[in-house]
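Number of protein chains: 2
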Amino acid sequence: MDLINIIGLVAAFLTTISSLPQVIKTIKLKEARDISFWMWALLALGIFLWLIYGILKNDFPIILANGISLFLILIVLGLKIKFK
Amino acid sequence: MDLINIIGLVAAFLTTISSLPQVIKTIKLKEARDISFWMWALLALGIFLWLIYGILKNDFPIILANGISLFLILIVLGLKIKFK
Numbered sequence: 001m002d003l004i005n006i007i008g009l010v011a012a013f014l015t016t017i018s019s020l021p022q023v024i025k026t027i028k029l030k031e032a033r034d035i036s037f038w039m040w041a042l043l044a045l046g047i048f049l050w051l052i053y054g055i056l057k058n059d060f061p062i063i064l065a066n067g068i069s070l071f072l073i074l075i076v077l078g079l080k081i082k083f084k
Numbered sequence: 101m102d103l104i105n106i107i108g109l110v111a112a113f114l115t116t117i118s119s120l121p122q123v124i125k126t127i128k129l130k131e132a133r134d135i136s137f138w139m140w141a142l143l144a145l146g147i148f149l150w151l152i153y154g155i156l157k158n159d160f161p162i163i164l165a166n167g168i169s170l171f172l173i174l175i176v177l178g179l180k181i182k183f184k
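Residue numbers (our numbering), protein chains in the order written: chain A, 1 to 84; chain B, 101 to 184.
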């Protein structure tokens, strides 16, 4: 694999798992006041459309990365709605 | 343009601007306690690598989307560091 593909894979990995620290922090804190609902709503809709895009193009890396992202994003959105 | 490309463009637009409501909210609130530093640090590094990937591949849409994203993400990260 060449350097450009490795950079792309690392980039995809980091952006995919980036919501995980927010999930952990919000579960621990039980507070989400400073978090923007609209940010996570826009992100959820955007990543959902990326997932549809991947499915329509039959592109497995896009489906996998955005499927994991969407799962984590929906947890944060649910926690935001729960804790306000 | 076909439907798949339109879905991809809308997805890219939404994920690119999704940090904007967080920027506005944090500037108004002057508080960022509930926001995870590590989420925004991972996201900044991941999007920075997407930007490098786009530059190395000479792919203008990837450069544009991730350039705007990185700008907004660095503002949130700066506000998080400032307001704790």
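We treat Cβ as the ideally placed atom computed from N, Cα and C, and that holds for glycine.
- Query: Under 8 angstroms between C-beta atoms, does L64 of chain A make it to chain B?
  - Reply: no
- Since S69 of chain A and T26 of chain A are thought to touch, with beta carbons under 8 angstroms apart, how far apart are those beta carbons, to the nearest angstrom? So it is not a contact: roughly 16 angstroms between Cβ atoms.
- Task: Measure the beta-carbon distance from W150 of chain B to N166 of chain B and round it to whole angstroms, keeping in mind my assumption that it falls under 8 angstroms.
- Result: 4 angstroms
- Listing by chain order, which chain B residues have their CB less than 7 angstroms from the CB of L79 of chain A? In chain order: nothing, as chain B lies at least about 10 angstroms away.
- Query: For I47 of chain A, does the count of other Cβ atoms within 10 angstroms reach 16, so buried, or fall short, so exposed?
  - Reply: buried
- Task: Measure from the C-beta of K25 of chain A to each C-beta in chain B and report whether the shortest distance is under 8 angstroms.
- Result: yes
- Hey, L77 of chain A and A44 of chain A are a contact pair by Cβ (cut 8 angstroms); roughly how many whole angstroms apart? 6 angstroms
- Task: Identify the contact partners of K184 of chain B in chain A, using a Cβ-Cβ distance below 8 angstroms as the criterion.
- Result: Chain A residues near K184 of chain B: none, gap ~11 angstroms exceeds 8 angstroms.
- Message: Taking the straight line between their C-alpha atoms, what separation do you get for K184 of chain B and S19 of chain A?
- Response: 18 angstroms
- Message: List, in chain order, every chain B residue whose beta-carbon is nearer than 7 angstroms to that of G46 of chain A.
- Response: A111, L114, T115 and S118
- Message: Determine, for K157 of chain B, whether the minimum Cβ-Cβ distance to residues of chain A falls below 8 angstroms.
- Response: yes
- Item | Among B:G154, B:Q122 and B:I173, nearest to N5 of chain A - alpha-carbon criterion | B:G154
- Query: With a Cβ-Cβ cutoff of 8 angstroms, do L129 of chain B and P21 of chain A count as a contact?
  - Reply: no
- Report yes if the C-beta distance between L156 of chain B and I7 of chain A is below 8 angstroms; otherwise report no. yes
- Query: Nearest-angstrom Cα distance between A111 of chain B and I52 of chain A?
  - Reply: 9 angstroms
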